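Letter by letter, the sequence shown follows residues 817 to 1090 of the numbering used here.
Below is one structure, written out as C-alpha cells, with a few remarks after it.
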Amino acid sequence: MRKAVVHLVLLLSALYSVLPLVWLVTSATKSLGDFSTTSAFAFGHWNLGANLSGLFDQDGGVFLWWIRNSLLYAGLGAVLGSLICTAAGYAIAKLTFPGRRLLFALTLAGVLVPTTALALPLYLLAAQLHVVDTFWAVFLPLLTNPFGVYLARVYADAAVPGEVLEASRMDGAGELRTFFTVALPMMRPGLVTVLLFQFVGIWNNVFLPLVMLTDPKLFPMSLGLYQWSTRVTQFPQYTPLVITGSLLAVLPLVVAFVVLQRQWRSGLATGAVK
C-alpha cells in the first residue's frame, strides 16, 4: 500500500508537469477557429506552419528580436553568472580572508529576499547610471545570484580537497590558476547545476525586463509573449501566436536539461551524499 501511494503521487506529479506541455503542443497546431471546435488535447487541422509564419511576421518580425535577446540574456547571463557564482562560492568555502563568515551570512540573507523587492532599487540604480531601457539594464543584474553562490559554496566545500589546493600552491600556482585548472574541473557538476538554475531563471524572467524596458526590440520572449497575451481579449487573433511562441520558448529549456542532465544529476547526487 505504501508503494502504491508513492507511485500514485509520482504519477499525479508527472501528469501535472507533462499535461500543460502536451496541451501546448496540440494547441500550436490549431487555427483560431479550432479552439472552439476541438477538445483541449486534440490536434487541430495542422495549422502549425501558418501559426509559425504569422508569429514571425507579426509586428514587423519582432519575435526574431525577442529570440535573439533571450539567447543573449539567458545564454551569456547563465555562463558568466554561473562562473561568477562558482568563483564566489569557492572563495567563501576554501579561502581564508577577513569577513568570510559575514559574507556567507549576507549571501544566505540574499537568498531570502524576493526578486520583486529588488526591482525598484535596481531601477533607481539603473536610472542613476543612465542605462534604463538598454540591454545592460537587464543583463547586469542577472549576473549575480545568491542561491547560486550558496550552491557553489556547498559543492566546493564537499568536492574540492584542501590538500589538492595546497599542493597546487606549493608548486607555484597562483590563486586564479589554482581555481581555473584545479578547483573548477572538480566543481564541474556543481557548475552545470548552477548554470541550469541561472539559465532557467533568466529565460523565464518577466518582472525585471518589465520594469526596465519599454523598447519592444529589447524584450526577451517571456516579456514579449506576456505583452501579446494581454491583447488576447481584445484581439483574439493573438491566441495562436502566443501559444506557438510559448512552445518555441519552452524548447531551449527542454534541450538544456536533456543535454546537461548527466552532469546536473551527478552534481545533485554528490551534494546530497556529501
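Don't be surprised by glycine CBs; every beta carbon is placed ideally from N, CA and C.
Note that the structure is a prediction, hence the values are computed from the model and not measured.
According to the DSSP assignment, residue 863 belongs to no alpha helix (DSSP H), since it is labelled neither H nor E. Of all alpha-carbon atoms in 1026, 997, 856, 1058, the one lying nearest the alpha-carbon of residue 939 is that of 1026.
Using a C-beta cut-off of 8 Å, the stretch 971 to 983 makes contact with the stretch 900 to 910, since at least three inter-stretch Cβ pairs fall below that distance. Listed in chain order, the alpha helix (DSSP H) elements of length 4 or more contained wholly in the stretch 839 to 896 are 850 to 853, 864 to 873, 878 to 886. Look at the beta carbons and you see the stretch 938 to 953 not touching the stretch 870 to 879: under three pairs across the two are nearer than 8 Å. Taken in chain order, the whole alpha helix (DSSP H) runs of length 4 or more contained in the stretch 958 to 1030 are 962 to 975, 978 to 986, 991 to 994, 1004 to 1019, 1023 to 1028. Only exposed fits residue 1049, as fewer than 16 other CB atoms lie within 10 angstroms of its CB. For residue 1065, the closest C-alpha among the options 858, 935, 882 is that of 882. Where residue 955 is concerned, the enclosing alpha helix (DSSP H) starts and stops at 951 to 955. In the structure shown, the three-state DSSP call for residue 1051 is coil. The stretch 989 to 1000 and the stretch 1059 to 1076 do not touch, with fewer than three beta-carbon pairs separated by less than 8 Å. Here residue 893 really is in contact with residue 1018; their C-beta atoms are around 5 Å apart, less than 8 Å. Scanning 896, 1067, 944, 1005 for the CA closest to the CA of residue 955 turns up 896. Per the coordinates, the alpha-carbon of residue 917 lies some 16 Å from the alpha-carbon of residue 967. Residue 912 carries a coil assignment under DSSP once its states are collapsed to helix, strand and coil. Going by C-alpha positions, residue 915 is about 20 Å away from residue 928. Here residue 1056 really is in contact with residue 867; their C-beta atoms are around 5 Å apart, less than 8 Å. Relative to the Cα of residue 970, the nearest Cα in the group 991, 932, 989, 923 belongs to 923. For residue 945, the three-state secondary structure derived from DSSP is coil. By the neighbour-count definition (other C-beta atoms within 10 Å, threshold 16), residue 833 is an exposed residue.
Boundaries of the alpha helix (DSSP H) around residue 1041: 1037 to 1045.
Here residue 937 carries a helix assignment [DSSP, helix/strand/coil].
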